[in-house]
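In my numbering, the protein residues as written are 1 to 231.
Below, the structure is given as C-alpha cells:
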C-alpha cells in the first residue's frame, strides 16, 4: 500500500509539473527543462521506494502509540497544519544549509544540483541519505507533536504541492502577491529556482521567513519574481 501510494504521489507530481509548464508557458523561469537522464530516473525511483519505507516506519510508530494522531475539528486541523509547516520549514532550512557545507555538499547534495534548471522529476532526484534525512525529520516532529489526522493530510498535500511548484520551471503565482505582506512570504517557484541557479541563497522550502531572518534571501529575488510572474 505505501509503495503504491508513493508511486501515485510521484506520478501526480510529475503530471502536475508538466501541466504547469503548459499552462504557464509564458512565465518560464528557465529556457528549457533539464534533460531526463537514466541515473536521475533511477534516483527518483529510489526516492519513491525510500519514501515508502519511511512511511512504513511512521505507521509502525503510530501502531505502537509513539506517534499520536487525533480526529479533531476544522480549526484545530488548520492550526496543526500551520504549526507543522513552520516547524518543518525551519528544520529543513537548517538541514538544507548543512547540506551545503563543502564536505557534505560534495558527497550528498551536489547530485540534486546537477539540475541547474529543473524538470518534472527534479523534486525526487535526491541522494538516498537526503530522502531518509527529510523523512526522519518529519517523523521526529510527529513523535514530539500530537497532530490531527486532517492537519497531517493537509501538510503532506502542501509538501508535495510546494515541491512540485518549486521545480516546475514556471511561475504560476501572480506578481501582485509580492505586494501583500503575508503572501509575499510564501515560497514561490522563482524562490527555489534561484536556489538552483545561486546555491548560496534561498534555503527555505515553504516560506521565505527563515531566509529573511538569517540573511540568506537572494537580494535579487523580488525583482526576479516580478519579472517571472508577468506574462
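Where is the CB? At the ideal position from N, CA and C, for every residue including glycine.
Counterpart residues of residue i in DSSP-defined beta bridges
i: residue 186; result: 207
i: residue 148; result: 70
i: residue 170; result: 28
Anticipated Cβ contact below 8 Å, residue i with residue j, distance rounded
i: residue 217; j: residue 201; result: 6 Å
i: residue 7; j: residue 135; result: So it is not a contact: roughly 16 Å between Cβ atoms.
i: residue 206; j: residue 89; result: 5 Å
i: residue 162; j: residue 93; result: The pair is not a contact, with the Cβ atoms about 13 Å apart (cut-off 8 Å).
i: residue 233; j: residue 228; result: Absent from the structure is residue 233, since the part of the chain shown begins at 1 and ends at 231.
i: residue 33; j: residue 118; result: 7 Å
i: residue 167; j: residue 192; result: 7 Å
Three-state class that DSSP yields for residue i in the structure shown
i: residue 28; result: strand
i: residue 213; result: helix
i: residue 153; result: helix
i: residue 119; result: coil
i: residue 159; result: helix
i: residue 229; result: coil
i: residue 195; result: helix
i: residue 97; result: helix
i: residue 110; result: coil
i: residue 179; result: helix
i: residue 1; result: coil
i: residue 36; result: coil
i: residue 105; result: helix
i: residue 126; result: coil
i: residue 65; result: coil
i: residue 202; result: coil
i: residue 80; result: helix
Beta carbon of residue i nearer than 9 Å to that of residue j
i: residue 67; j: residue 73; result: no
i: residue 125; j: residue 14; result: no
i: residue 137; j: residue 91; result: yes
i: residue 127; j: residue 141; result: no
i: residue 121; j: residue 36; result: yes
Exposed unless 16 or more other CB atoms sit within 10 angstroms - verdict on residue i
i: residue 148; result: buried
i: residue 241; result: Nothing can be reported for residue 241, as the shown portion of the chain is limited to 1 through 231.
i: residue 62; result: exposed
i: residue 27; result: buried
i: residue 75; result: exposed
i: residue 77; result: buried
i: residue 146; result: exposed
i: residue 210; result: buried
i: residue 82; result: exposed
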